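Novice: Structure below; questions to follow.
Chains as they are written, first to last, in our numbering: chain U, 1133 to 1491; chain R, 2 to 220.
If you want it as structure tokens, here you go:
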């Protein structure tokens, strides 16, 4: 059976319209011009789908969960049909020896994309994460050997994530600390936005290379800008309108969550732009500050999540516009006074002159 | 004055209020252009903006305060068009009288190095006058578009600003005029310096002191 569902495959999967819409969203998310949509769609429709091996280590499966719950119509179908998924512990039907066999078979033939979810325990703690009798380290090294490139989905595989939080009982690290000889791209987040993952895959399919990244290995199209700079609450920040307490008047009015510990000013991601799961929400839009989950070591550096460090600088007291208005009123007063004095002198002079002429 | 073989007289031309206006206007334009260009193109964003400095917020604040001063300077100048001294009144320099229209052409020829004749005027020549009238009128457009953008919820400025249609149109006009003022400042400083070098009238010092110098027989 034709597995290429886009050209009319299984009933009840993805429609042509839905497919193109998803391609357009991914193209926009990658920051590519709209003329690229057809090229992206073409790459996505290529019957030679790239084989993908998906490994799970120390993690909560939230990244896979988020990907599957992407409620854009048929995104799950799209991601599963876009790639030739050879091995994925959560999704595969096989178990036990069958699964192990599938894994061995999958990594035999080279040039697949290796997707890693979860961090890897190291050193004496290597056997804290065992799959089919082998340690995570062992499986990763074997799977990476024949891989074309590695995509780390989620903060755990990218930087260690929560398993690596202090005191890091398993000495967990991210993929990049172990595999040095393969191109690696990180799609961090806890969980990451499914579209950033999808767009990374589509970028790879379209251009046959990984997207350009920042110093933390994150694709620039998704993580090139600070959340704070593109937040819908930013005007409230500039105007000094802050939520002082959860549930207060400011919270109800949608004010800035900076004082509630929002880490958006230190966090690079596009959450506020593409939002999550097609219900058009993201943490800040529903009234909770950003936790900075796309940053390395966020669990250590961004906590406590609901507090700002003391003595933080805020741009204004009372608001930029309010202050400027106040100064404007004073300037208006001074101008009016200056004009009044000027006019007064003029009138006095002409009176004096008139008197002189009378004399 | 000895050396020139001519006697010069000192003439009081610019009132205190006009000089205050001039420098507030000049300073505010300089600040408005610098901050305005930053707001349009915040090139330090993502590397300077953070939890300890808020460059964009600061730039906007300075821009708004300078905008207030700019507005007050413009209002003062318009007041002086009608109630200033004889050099400051609009009909002294606007090209609306036969004398001024003639002067506008002679000045143009003089600036183009076509003639050497130069009319000694205590106030502005008509060519400068025309550009100043235009500049002040454009300044009014500039502060109205500015207030329309600054107070998007105020019914007063919204009704004033509705002539621009949308906020985007107002923003566009505001942005284009930013370049007008930058070019105006450049040309203004050049021509003032040029005149000061060609004619020993103390043109530049007059905007500090209020006095110009003319040959005694210039009338």
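Backbone N, C-alpha and C fix where the C-beta goes; we use that ideal spot for every residue, glycine too. Computed from a predicted model, the values in this text were never measured in an experiment.
#1: Which same chain residues, not among the five before or five after residue 82 of chain R, have their C-beta less than 7 angstroms away from its C-beta?
#2: Is residue 1413 of chain U buried or exposed, if buried means 16 or more other CB atoms sit within 10 Å of its CB?
#3: Between which two residues does the beta strand (DSSP E) containing residue 1281 of chain U stretch?
#4: With 8 angstroms set as the bound, which would you pick, yes or no: does the beta-carbon of residue 1460 of chain U sit closer than that to a beta-carbon of chain R?
#5: Does residue 159 of chain R come within less than 8 angstroms of chain U when only Cβ atoms are used?
#6: On the premise that residue 65 of chain R lies in contact with residue 1453 of chain U, defined as a C-beta separation below 8 angstroms, what is that separation, rounded to the nearest angstrom?
#7: How about residue 204 of chain R and residue 197 of chain R: do their beta carbons lie closer than 8 angstroms?
#8: Do the stretch 1277-1287 of chain U and the stretch 1305-1322 of chain U meet, that is, are 3 or more Cβ pairs less than 8 angstroms apart?
#9: For residue 50 of chain R and chain U, any beta-carbon pair shorter than 8 angstroms?
#10: Can you pull the DSSP bridge partners for residue 1245 of chain U?
#11: Got a sec, what are the start and stop residues for the beta strand (DSSP E) residue 1177 of chain U sits in?
#12: If I measure Cβ to Cβ from residue 1205 of chain U and keep anything under 7 angstroms in the same chain, skipping five residues before and after, which residues do I get?
#13: Please report whether the beta-carbon of residue 58 of chain R lies at a distance below 8 angstroms from any beta-carbon of chain U.
#14: Determine, for residue 18 of chain R, whether the minimum Cβ-Cβ distance to residues of chain U falls below 8 angstroms.
#15: So, residue 165 of chain R versus residue 136 of chain R, is the Cβ gap smaller than 8 angstroms?
#16: For the stretch 1473-1490 of chain U, which residues have a beta carbon sitting closer than 7 angstroms to at least one beta carbon of chain R?
#17: Apart from the five residues on each side of it in sequence, which residues of its chain come closer than 6 angstroms, Cβ to Cβ, to residue 1397 of chain U?
#18: Mind checking if residue 39 of chain R is an interface residue toward chain U, Cβ cutoff 8 angstroms exclusive?
#19: I'd like to know if residue 1205 of chain U contacts chain R, where contact means its C-beta is closer than 8 angstroms to some C-beta of that chain.
#20: Could you name the residues of chain R that residue 1361 of chain U contacts, counting a contact when the two beta carbons are closer than 9 angstroms?
#21: With three or more beta-carbon pairs closer than 8 angstroms as the criterion, would you say the stretch 25-33 of chain R touches the stretch 70-81 of chain R?
#22: Residues of chain R with CB closer than 8 angstroms to the CB of residue 1432 of chain U, please, in chain order.
#23: Should residue 77 of chain R be flagged as near chain U, meaning a C-beta pair shorter than 8 angstroms?
#24: Residue 123 of chain R and residue 217 of chain R: beta carbons closer than 8 angstroms?
#25: Quick test of the definition: if touching needs 3 or more C-beta pairs under 8 angstroms, does the stretch 1387-1396 of chain U touch the stretch 1431-1442 of chain U?
#26: What residues of chain R sit near residue 1385 of chain U, judged by a beta carbon separation below 8 angstroms?
#27: For residue 1569 of chain U and residue 1218 of chain U, which I take to be in contact (beta-carbon distance under 8 angstroms), what is that distance rounded to the nearest angstrom?
#28: Buried or exposed: which applies to residue 1366 of chain U, given that a residue is buried once 16 or more other Cβ atoms fall within 10 Å of its Cβ?
#29: Kindly indicate which residue of U:1196, U:1148, U:1297, U:1428 has the alpha-carbon position closest to the one of residue 1223 of chain U.
#30: Could one say the Cβ of residue 1470 of chain U lies closer than 8 angstroms to chain R's Cβ atoms, at least one of them?
#31: Name the residue from U:1201, U:1228, U:1244, U:1192 whose alpha carbon lies nearest to the alpha carbon of residue 1125 of chain U.
#32: Alpha carbon to alpha carbon, how far is residue 178 of chain R from residue 103 of chain R? Give it in angstroms, no decimals.
#33: At which residue ranges does the stretch 72-146 of chain R contain complete beta strand (DSSP E) runs of 3 or more residues, listed in the order of the chain?
#34: So what's residue 1345 of chain U in DSSP terms, helix, strand or just coil?
#35: Taking the straight line between their C-alpha atoms, what separation do you get for residue 1420 of chain U and residue 1377 of chain U?
#36: Are the beta-carbon atoms belonging to residue 14 of chain R and residue 88 of chain R less than 8 angstroms from one another?
Specialist: Inspection of the coordinates gives the following:
#1: 90, 91
#2: exposed
#3: 1279-1285 is the extent of the beta strand (DSSP E) around residue 1281 of chain U.
#4: yes
#5: no
#6: 7 angstroms
#7: Yes, Cβ-Cβ distance for residue 204 of chain R and residue 197 of chain R is below 8 angstroms.
#8: yes
#9: Taking a beta-carbon distance threshold of 8 angstroms, residue 50 of chain R counts as an interface residue toward chain U.
#10: U:1184, U:1281
#11: Premise fails: residue 1177 of chain U lies in the alpha helix (DSSP H), 1169-1177, not in any beta strand (DSSP E).
#12: Note that residue 1205 of chain U scores 44 on pLDDT, short of 50, meaning its location in the model is unreliable and no value can be drawn from it.
#13: yes
#14: yes
#15: Judged by beta-carbon spacing, residue 136 of chain R lies beyond the 8 angstroms limit of residue 165 of chain R, meaning their Cβ atoms are not closer than that value.
#16: 1474, 1475, 1478
#17: 1360.
#18: no
#19: Note that residue 1205 of chain U scores a pLDDT of 44, beneath 50, so its modelled location is shaky and nothing firm can be said.
#20: Correct list: 43, 46, 47, 50, 57.
#21: yes
#22: Here the premise fails: no neighbours, minimum Cβ distance about 17 angstroms.
#23: yes
#24: no
#25: The stretch 1387-1396 of chain U vs the stretch 1431-1442 of chain U: in contact.
#26: For residue 1385 of chain U, there are no C-beta contacts with chain R under 8 angstroms, since the nearest C-beta of that chain is about 14 angstroms from it.
#27: The structure shown does not extend to residue 1569 of chain U, since chain U is modelled only from 1133 to 1491, so the question has no answer here.
#28: buried
#29: U:1196
#30: Answer yes: the Cβ-Cβ gap between residue 1470 of chain U and chain R drops below 8 angstroms somewhere.
#31: This structure gives no information on residue 1125 of chain U, because the portion of chain U shown stretches from 1133 to 1491.
#32: Each residue's Cα considered, the two are about 29 angstroms apart.
#33: none
#34: For residue 1345 of chain U, the three-state secondary structure derived from DSSP is strand.
#35: Residue 1420 of chain U and residue 1377 of chain U have their C-alpha atoms roughly 11 angstroms apart.
#36: Yes; because the gap between Cβ atoms is below 8 angstroms, this pair is in contact.
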